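J.:
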Amino acid sequence: MIPLVTGQAIAFWILGPLSIAAGAGMVFSRKPVHCALCLAGLMCCLAGLYASLDAPFLFVAQIIVYTGAVMMLFVFTMMMIGVDSVDEMVETIKGQRAATAIAVLGLAVLLVSAVGHGILTGSQGLAQANGQAGNVRSLAFLVFGRYVFAFEATAALLITAALAAMVLSHGEPLVGKERQRARLERRTKEFAATGADPGPLPSPGIYARHNSVDHPALLPDGAIADGSVIATLAARGAVIVDKGRLVAPTVRADQALADVHDEQHGILPGEAELSAAPGEAELSAVPGGPAKEITP
Numbered sequence: 043m044i045p046l047v048t049g050q051a052i053a054f055w056i057l058g059p060l061s062i063a064a065g066a067g068m069v070f071s072r073k074p075v076h077c078a079l080c081l082a083g084l085m086c087c088l089a090g091l092y093a094s095l096d097a098p099f100l101f102v103a104q105i106i107v108y109t110g111a112v113m114m115l116f117v118f119t120m121m122m123i124g125v126d127s128v129d130e131m132v133e134t135i136k137g138q139r140a141a142t143a144i145a146v147l148g149l150a151v152l153l154v155s156a157v158g159h160g161i162l163t164g165s166q167g168l169a170q171a172n173g174q175a176g177n178v179r180s181l182a183f184l185v186f187g188r189y190v191f192a193f194e195a196t197a198a199l200l201i202t203a204a205l206a207a208m209v210l211s212h213g214e215p216l217v218g219k220e221r222q223r224a225r226l227e228r229r230t231k232e233f234a235a236t237g238a239d240p241g242p243l244p245s246p247g248i249y250a251r252h253n254s255v256d257h258p259a260l261l262p263d264g265a266i267a268d269g270s271v272i273a274t275l276a277a278r279g280a281v282i283v284d285k286g287r288l289v290a291p292t293v294r295a296d297q298a299l300a301d302v303h304d305e306q307h308g309i310l311p312g313e314a315e316l317s318a319a320p321g322e323a324e325l326s327a328v329p330g331g332p333a334k335e336i337t338p
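Numbering (the working numbering), first residue to last: 43 to 338.
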């Protein structure tokens with residue numbers, strides 16, 4: 043015997059997986075706009091399930107209240123928080139707009155076919171549902187009669203939550219923003235107490251003839267500036283710590299400049315030290331080591 047496949051079963055097997063996928067996308071999406079779209083898709087799938095179960099009131103309420111009003115509240119929240127305009131104008135994934143249009147069109151066709159099939163084939167168990175407050179009149183009697191106080195309390199709670207969100211988003215911050223003068227005073231006190239450098243950290247590549255983030259900066263005495271590279275690269279071992287490798291390009295450049303200078307002045311190699319006047323001393327800062335005094 044072949045089981046009878048009704049429109050309700052077709053709608054369930056189509057909208058059920060779509061609801062699960064939309065819920066998972068809402069949870070795992072990193073961008074708030076994508077989360078809102080997934081939530082809207084989930085609510086539309088639930089509305090389709092209500093329609094397939096011959097519950098027109100819940101179908102309309104799901105579309106108007108949740109998909110319309112609640113989603114609009116979420117969109118207003120994202121507008122107050124702020125979303126980068128790049129997320130709206132730039133197509134990060136090639137072809138995603140065309141794929142989205144095709145997916146929306148296919149979903150619309152599935153919804154129309156499933157709901158239409160459910161309406162044409164008729165409903166099952168409608169009499170039992172009407173006898174247990176399943177239609178609009180019985181539902182209205184329960185909402186505005188027996189459970190009117192709970193309904194009003196829920197409405198007041200939602201309004202209070204919306205007002206509280208607006209007050210919290212536009213309220214004064216508990217901790218004031220640190221101004222430049224206060225920041226300078228704090229750093230000066232920390233320097234006096236702990237010896238922490240009040241200045242900014244050095245950028246990578248200074249005095250090393252290279253501006254890559256994995257090349258630490260060299261101090262004038264040739265030592266490596268520890269704060270010039272980020273701690274993440276240092277922990278991964280991706281930072282060059284060989285001082286000789288960092289200093290070698292500078293040493294070669296200084297030597298090339300010295301050779302050109304000696305060639306222009308007709309000084310042979312090794313005569314630079316001998317040409318110094320008696321009693322005079324020449325300070326030569328050697329990259330990679332401290333300055334040394336050269337005497338005649």
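All residues carry an ideal CB built from backbone N, CA and C; glycine is no exception. Fair warning: this is a prediction, and the values are worked out from it, not measured in the lab.
Can you give me the C-alpha to C-alpha distance between Thr-119 and Pro-74, rounded to a whole angstrom?
T.: Taking the sequence shown and counting its residues from 1, one reaches residue 119 at position 77. Taking the sequence shown and counting its residues from 1, one reaches residue 74 at position 32. Going by the C-alpha atoms only, they are around 10 Å apart.
J.: Do you know whose CA, among Ala-51, Ile-52 and Ala-182, lies nearest Ala-103's CA?
T.: For the purposes of this step, residue 103 is taken as the residue at position 61 of the sequence shown. Nearest of Ala-51, Ile-52 and Ala-182 to Ala-103, Cα basis: Ala-182.
J.: Look at the Cβ atom of Ala-156, then the Cβ atom of Ile-62, and state whether they are nearer than 7 Å.
T.: As a working note, residue 156 is residue 114 in the sequence shown. As a working note, residue 62 is residue 20 in the sequence shown. Against a cut-off of 7 Å, the Cβ pair of Ile-62 and Ala-156 comes out as no contact.
J.: Decide if Pro-258 is buried, meaning its Cβ has at least 16 other Cβ atoms within 10 Å, or exposed.
T.: As a first step, residue 258 must be located in the sequence shown, where it is residue number 216. Pro-258 comes out buried.
J.: Looking at the strands, I want to know which residues DSSP matches up with Ile-266.
T.: Here residue 266 corresponds to residue number 224 of the sequence shown, with the count starting at 1. Bridge partners of Ile-266: Leu-260.
J.: Which first and last residues belong to the alpha helix (DSSP H) in which Lys-73 is found?
T.: Along the sequence shown, read from residue 1 onward, the residue named residue 73 stands at position 31. No alpha helix (DSSP H) holds Lys-73; DSSP gives it neither H nor E.
J.: What residues in its chain sit with their C-beta under 7 Å from that of Cys-87, if we drop five residues either side in the sequence?
T.: Within the sequence shown, numbered from 1, the residue matching residue 87 stands at position 45. Same-chain partners within the cutoff: Leu-57, Leu-60, Ser-61 and Ala-64.
J.: Do you know offhand how far Ala-265's Cα is from Val-289's?
T.: Stepping through the sequence shown from its first residue, residue 265 is reached at position 223. Stepping through the sequence shown from its first residue, residue 289 is reached at position 247. For Ala-265 and Val-289, the distance between alpha carbons rounds to 10 Å.
J.: Quick one: residues in its chain with C-beta nearer than 6 Å to the C-beta of Met-68, no 5 flanking neighbours on either side, listed in chain order?
T.: As a first step, residue 68 is located in the sequence shown; it is residue number 26 there, counting from the start. Closer than 6 Å at the Cβ level, and outside the excluded window around Met-68, lie Cys-77, Cys-80 and Leu-81.
J.: Hey, Pro-246 and Val-271 are a contact pair by Cβ (cut 8 Å); roughly how many whole angstroms apart?
T.: One-based indexing of the sequence shown puts residue 246 at position 204. One-based indexing of the sequence shown puts residue 271 at position 229. Contact holds; Cβ gap of about 5 Å.
J.: Which same chain residues end up closer than 8 Å to Phe-54 when comparing Cβ atoms and leaving out the 5 residues on each side of it in sequence?
T.: If you number the sequence shown from 1, residue 54 lands on position 12. Leu-91 and Ser-94.
J.: Taking DSSP as the reference, what is the three-state secondary structure of Glu-227?
T.: Position 185 of the sequence shown, counted from the first residue, corresponds to residue 227. Helix at Glu-227.
J.: If you compare alpha carbons, which of Pro-291, Asp-96 and Gln-297 is closest to Thr-163?
T.: Here residue 163 corresponds to residue number 121 of the sequence shown, with the count starting at 1. Comparing Cα-Cα distances from Thr-163 to each of Pro-291, Asp-96 and Gln-297, the minimum goes to Asp-96.
J.: For Pro-240, which three-state DSSP category applies?
T.: In the sequence shown, counting from the first residue as 1, residue 240 sits at position 198. DSSP places Pro-240 in coil when its eight states are reduced to three.
J.: Could you check what DSSP says for Pro-291 in three-state terms: helix, strand or coil?
T.: Counted from its first residue, the sequence shown places residue 291 at position 249. Of the three classes helix, strand and coil, the one that applies to Pro-291 here is helix, per DSSP.
J.: Strictly under 7 Å for the Cβ-Cβ distance: is Ala-238 near chain C by that measure?
T.: Note that chain C does not occur in the displayed structure, where there is just one protein chain.
J.: Excluding the five sequence neighbours on either side, which residues of its own chain have a C-beta within less than 7 Å of the C-beta of Gly-49, listed in chain order?
T.: Within the sequence shown, the letter at position 7 stands for residue 49. Within the same chain, Gly-49 has close Cβ partners Ser-94, Ala-156, His-159, Gly-160 and Thr-163.
J.: Cα separation between Phe-70 and Val-146?
T.: Mapped onto the sequence shown, residue 70 falls at position 28. Mapped onto the sequence shown, residue 146 falls at position 104. Distance between the alpha carbons of Phe-70 and Val-146: 21 Å.
J.: Tell me which same chain residues have a C-beta within less than 8 Å of the C-beta of Ala-276, skipping the five on either side of it?
T.: Counting from one through the sequence shown, the residue named residue 276 turns up at place 234. Nothing meets the Cβ criterion.
J.: Is it buried or exposed for Thr-230, if we count other Cβ within 10 angstroms and need 16 for buried?
T.: Position 188 of the sequence shown, counted from the start, is the residue given in the question as residue 230. Exposed, by the Cβ-count rule.
J.: Span of the alpha helix (DSSP H) holding Gln-138?
T.: One-based indexing of the sequence shown puts residue 138 at position 96. 138-163 is the span of the alpha helix (DSSP H), which, as asked, contains Gln-138.
J.: Give the range of the alpha helix (DSSP H) segment to which Ile-201 is assigned.
T.: Looking up residue 201 in the sequence shown gives position 159. Residues 190-212.
J.: Report all residues from its chain with a CB closer than 6 Å to the CB of Phe-344; omit the five preceding and five following residues, and keep chain order.
T.: With the chain represented from 43 up to 338, any question about residue 344 goes unanswered, as that position is not in the structure.
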